[in-house]
Amino acid sequence: MAYYRQVGAVPPKRHTQHRTPEGGLYYEELMGEEGFSSDSSLLYHRNIPSAIVDSTVWELPDLTTEANHPLRPRHLKLHELFPGEEWKSHDVVTGRRLVLGNGDVRISYVVAGEASPLYRNSIGDECVYIESGEGVVETVFGVLPFRQGDYVILPRATTHRWVPDGPVRAYAIEANSHITPPKRYLSKYGQLLEHSPYCERDLHGPTEPLLVEGTDVEVLIKHRGSTGIVGTRFVYPQHPFDVVGWDGCLYPYTFNVSDFEPITGRVHQPPPVHQVFEGHNFVVCNFVPRKVDYHPLSIPVPYYHSNVDSDEVMFYCGGDYEARKGSGIGQGSISLHPGGHSHGPQPGAYERSIGVEYFDELAVMVDTFRPLELGEGGRAAEDPAYAWTWAGRGPR
Numbered sequence: 001m002a003y004y005r006q007v008g009a010v011p012p013k014r015h016t017q018h019r020t021p022e023g024g025l026y027y028e029e030l031m032g033e034e035g036f037s038s039d040s041s042l043l044y045h046r047n048i049p050s051a052i053v054d055s056t057v058w059e060l061p062d063l064t065t066e067a068n069h070p071l072r073p074r075h076l077k078l079h080e081l082f083p084g085e086e087w088k089s090h091d092v093v094t095g096r097r098l099v100l101g102n103g104d105v106r107i108s109y110v111v112a113g114e115a116s117p118l119y120r121n122s123i124g125d126e127c128v129y130i131e132s133g134e135g136v137v138e139t140v141f142g143v144l145p146f147r148q149g150d151y152v153i154l155p156r157a158t159t160h161r162w163v164p165d166g167p168v169r170a171y172a173i174e175a176n177s178h179i180t181p182p183k184r185y186l187s188k189y190g191q192l193l194e195h196s197p198y199c200e201r202d203l204h205g206p207t208e209p210l211l212v213e214g215t216d217v218e219v220l221i222k223h224r225g226s227t228g229i230v231g232t233r234f235v236y237p238q239h240p241f242d243v244v245g246w247d248g249c250l251y252p253y254t255f256n257v258s259d260f261e262p263i264t265g266r267v268h269q270p271p272p273v274h275q276v277f278e279g280h281n282f283v284v285c286n287f288v289p290r291k292v293d294y295h296p297l298s299i300p301v302p303y304y305h306s307n308v309d310s311d312e313v314m315f316y317c318g319g320d321y322e323a324r325k326g327s328g329i330g331q332g333s334i335s336l337h338p339g340g341h342s343h344g345p346q347p348g349a350y351e352r353s354i355g356v357e358y359f360d361e362l363a364v365m366v367d368t369f370r371p372l373e374l375g376e377g378g379r380a381a382e383d384p385a386y387a388w389t390w391a392g393r394g395p396r
């Protein structure tokens with residue numbers, strides 16, 4: 001996020017001596033994107049950040065995917081993936097089950113109650129939506145409290161761990177790129193503009209350093225390998241949470257969906273007005289409670305549409321989604337409407353919406369510009385009857 005923050009103790013000028021109370025030197029680390037050509041922060045460590053004493057394989061969970069073939073719309077019931085009290089033995093990192101993915105983005109779901117191991121995603125940024133629950137994310141930059149409705153944005157290679165306070169339902173969007181506010185919301189210098197549906201006051205980053213002592217500390221790292229995504233366990237001689245101060249424009253932060261100010265109009269507005277973030281070859285939108293179309297002849301639910309360049313994934317996480325009534329979709333559902341399939345409201349929704357002035361709905365949408373495939377979690381959670389709900393009967 002390209003606006004400047006300073007936390008803890010930093011020297012008056014970058015790349016100069018920053019000494020401990022005992023007279024030794026802190027170790028300066030530049031964490032930056034696109035080499036040295038984009039956003040970055042400078043972190044000041046008590047210990048050498050490059051020092052490791054062991055490196056072994058971390059066997060990742062099943063990340064294989066299968067093509068959506070034959071082509072069809074899908075309904076995935078994510079709440080069925082973690083029945084009963086399974087959450088008590090899961091954490092937000094290792095408990096994730098892959099639902100959908102392609103070469104640009106992976107969407108996973110988890111219900112967790114355990115603190116996670118220390119973790120670093122070195123493939124891309126993560127955007128984790130908190131469907132329910134609360135807790136903190138401890139990071140090398142400091143602590144981020146999170147609550148229901150938060151997006152937790154974790155830049156690539158940020159060492160962190162999740163510490164829930166009770167059960168947490170989390171919807172994880174893992175990019176192979178960076179995740180940022182849409183460019184059209186930003187000035188040429190990176191300030192959020194007046195027409196943006198949120199501003200810098202709505203973004204909450206760490207406010208003080210988190211200093212933790214420890215020796216021989218394990219960190220799980222997800223990174224690129226010759227055969228795809230692989231995992232490694234590093235062991236550090238000292239705890240990586242040893243940063244006494246940092247400053248810059250690259251850091252983790254939270255944004256709560258309740259702070260998104262919806263853009264409405266006299267007739268139905270297209271999904272780009274609901275956009276909140278973007279990555280390479282995908283966008284993230286959210287549909288929040290809002291007043292709807294006020295033209296006297298308006299039809300508030302979406303018109304039928306063909307996303308000829310994208311797959312559309314909708315995660316239903318609150319309220320009552322008008323356009324999907326009668327489809328079986330409810331809280332915790334995902335709909336996948338692939339490119340090549342014209343989709344829209346369920347039968348009867350068009351007529352029922354006329355005269356409605358307010359939608360009490362909450363959903364997170366991901367549109368991808370390459371086809372999505374089904375992960376093991378998606379295959380396990382599918383409602384096979386969904387594709388035929390517009391027609392009212394199944395295949396011949």
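Numbering (UniProt numbering), first residue to last: 1 to 396. Using N, Cα and C, we set each Cβ at its ideal position, and we do this for glycine too.
What runs of the beta strand (DSSP E), each 3 residues or longer, lie entirely inside the segment 133 to 218?
-> 135 to 139, 142 to 146, 150 to 154, 160 to 164 and 168 to 175
Best match in 4, 157, 168 and 29 for proximity to residue 85 [C-alpha to C-alpha] | 168
Range of the contiguous beta strand (DSSP E) that encloses residue 106 | 105 to 112
How is residue 246 classed by DSSP in three states: helix, strand or coil?
-> strand
When DSSP labels each residue in this structure, what does residue 297 get in the three-state scheme?
-> coil
Check whether the Cβ atoms of residue 206 and residue 141 lie closer than 8 Å to each other.
-> yes
Helix or strand or just coil, what does DSSP make of residue 80?
-> helix
Please name the residue, chosen from 381, 199, 177 and 352, that lies closest to residue 186 on a Cα-to-Cα basis.
-> 199
To the nearest angstrom, how far is it from the Cα of residue 150 to the Cα of residue 257?
-> 6 Å
Would you kindly work out how many angstroms separate the C-alpha atoms of residue 238 and residue 217, rounded to a whole number?
-> 6 Å
At least three beta-carbon pairs within less than 8 Å, the segment 269 to 281 to the segment 172 to 181 = yes
Alpha-carbon to alpha-carbon, residue 253 and residue 195 | 21 Å
Would DSSP call residue 327 helix, strand or coil?
-> coil
Under three-state DSSP, which class holds residue 72?
-> coil
Backbone secondary structure at residue 8 - three-state DSSP | strand
Kindly indicate which residue of 310, 59, 50 and 112 has the alpha-carbon position closest to the one of residue 79.
-> 112
Residue(s) in a DSSP beta bridge with residue 66 | 374
Are residue 291 and residue 357 touching if we call contact CB-CB under 8 Å?
-> yes
Of all the options 128, 64, 369 and 49, which has the alpha carbon lying nearest to the alpha carbon of residue 155?
-> 128
Mapping DSSP to helix, strand and coil, what is residue 230?
-> strand
Just checking my contact of residue 212 with residue 236 at CB under 8 Å: how many whole Å lie between their CB atoms?
-> Not really, about 11 Å apart at Cβ, beyond 8 Å.
Going by the C-beta, is residue 65 closer than 7 Å to any heavy atom of the ligand MG?
-> In terms of ligand content, the structure shown is empty, and the ligand MG therefore cannot be addressed.
For residue 86, which three-state DSSP category applies?
-> helix
Rounded straight-line distance, which links the Cα of residue 305 to that of residue 92 | 35 Å
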